[in-house]
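Undergrad: My structure is below; once you've seen it, I'll send some questions.
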Amino acid sequence: MDAAQDVVKAMSALVQQGVVSLSQLTGLTDTQLVQLVVAAVVALGLLYLLKDVIGTLLIPSIRVELTDAEANDTIDAVKYDPSKPADKDVVPCYDPSTLQLLGHLPAMSAAEVRARIARAKEASKPNAVAFGTALISMFYGPGLIYSVRGLASLLHCLAFPGSYGKGSVGTAAAGGVKAKKAA
């Protein structure tokens, strides 16, 4: 503690001597020196910003003409009209950017939704265990090798969900979830 106080005292004395020497050399007062430093910092900041603005203005612009295929690129598909009421037994599927109608899927009841959620939770349990195991081994392993192995396992779980154990696809199929093609 005493050493830190000694260092602070030595630094403040050194700065004070430097300010006094600079004041004598330039003929400026302490306040004027502080103002000069503040003005220099502000000027450097403005130069930094001005450099970015000028750099942005100097970016060349290039105009590229459309090819014939791009110029004639139109979508002839049926458009979805959100103002028209949809049948309650189907869910309209459409591209939100173009409103292109992609088809209709049958609507599910609340019981079907709850059943699918339950099956999905069951199917995701192996992934949750694998993710947690990889995370724990990465942070609480005894050394670098375990950290690298844990990180590799974690990345594998994130990149390939369902690859740990039986897999979410296999578990979901065993639970009765079947993929349906859109009409």
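To get our numbering, take the position in the sequence shown, counting from 1, and add 107. Think of the CB as a built atom: it goes at the ideal place given N, C-alpha and C, for glycine as much as any other residue.
1. Measuring CB to CB, does residue 214 end up less than 7 Å from residue 188?
2. Classify residue 273 as buried or exposed, calling it buried when 16 or more other Cβ atoms lie within 10 Å of its own Cβ.
3. I'd like the list of long-range same chain contacts for residue 184, defined as Cβ closer than 6 Å, with 5 residues on each side in sequence excluded.
4. Just list the residues that DSSP pairs residue 210 with in beta bridges.
5. Helix, strand or coil for residue 290? Go by DSSP, reduced to three states.
6. To the nearest angstrom, how far is the alpha carbon of residue 172 from that of residue 156?
7. Helix, strand or coil for residue 228, going by three-state DSSP, please let me know.
8. Taking the continuous alpha helix (DSSP H) assigned at residue 118, which residues delimit it?
9. Rounded to whole angstroms, what's the CA-CA distance from residue 139 to residue 109? Just pull it up for me.
10. Applying the 10 Å Cβ sphere with the 16-neighbour rule, what's the burial state of residue 230?
11. Below 7 Å CB to CB, which residues in the same chain sit around residue 201 once its five sequence neighbours on both sides are set aside?
12. Give me whichever residues DSSP pairs with residue 186 in a beta bridge.
13. Contact check, residue 126 vs residue 137 under 8 Å by CB: the rounded distance?
14. In angstroms with no decimal places, state the Cα-to-Cα distance between residue 220 and residue 227.
15. What is the residue span of the alpha helix (DSSP H) that residue 166 lies within?
16. From what residue to what residue does the alpha helix (DSSP H) around residue 177 run?
17. State the Cα-Cα distance for the pair residue 107 and residue 115, rounded to the nearest angstrom.
18. If you compare alpha carbons, which of 204, 177, 205 and 193 is closest to residue 212?
19. Checking 7 Å against the spacing of the C-beta atoms, do residue 182 and residue 163 come in under that value?
TA: Let me lay it out:
1. For residue 214 and residue 188, no; Cβs fall outside 7 Å.
2. Annotation note: pLDDT 48 at residue 273 (below 50); position unreliable, no value reported.
3. 207
4. 200
5. A caution first: residue 290 carries a pLDDT of 46, below 50, which makes its placement in the model unreliable, though a value can still be read off. Residue state, collapsed to three classes: coil.
6. Their backbone Cα atoms lie some 34 Å apart in a straight line.
7. helix
8. 109–133
9. 34 Å
10. buried
11. Here the set comprises 187, 207, 208 and 209.
12. 207
13. Taking 8 Å as the upper bound for CB-CB distance, residue 126 and residue 137 are in contact here, some 6 Å apart.
14. 10 Å
15. Run containing residue 166: none; DSSP gives neither H nor E here.
16. 175–178
17. With the chain covering 108 to 290 only, the question about residue 107 has no answer from this structure.
18. 193
19. no
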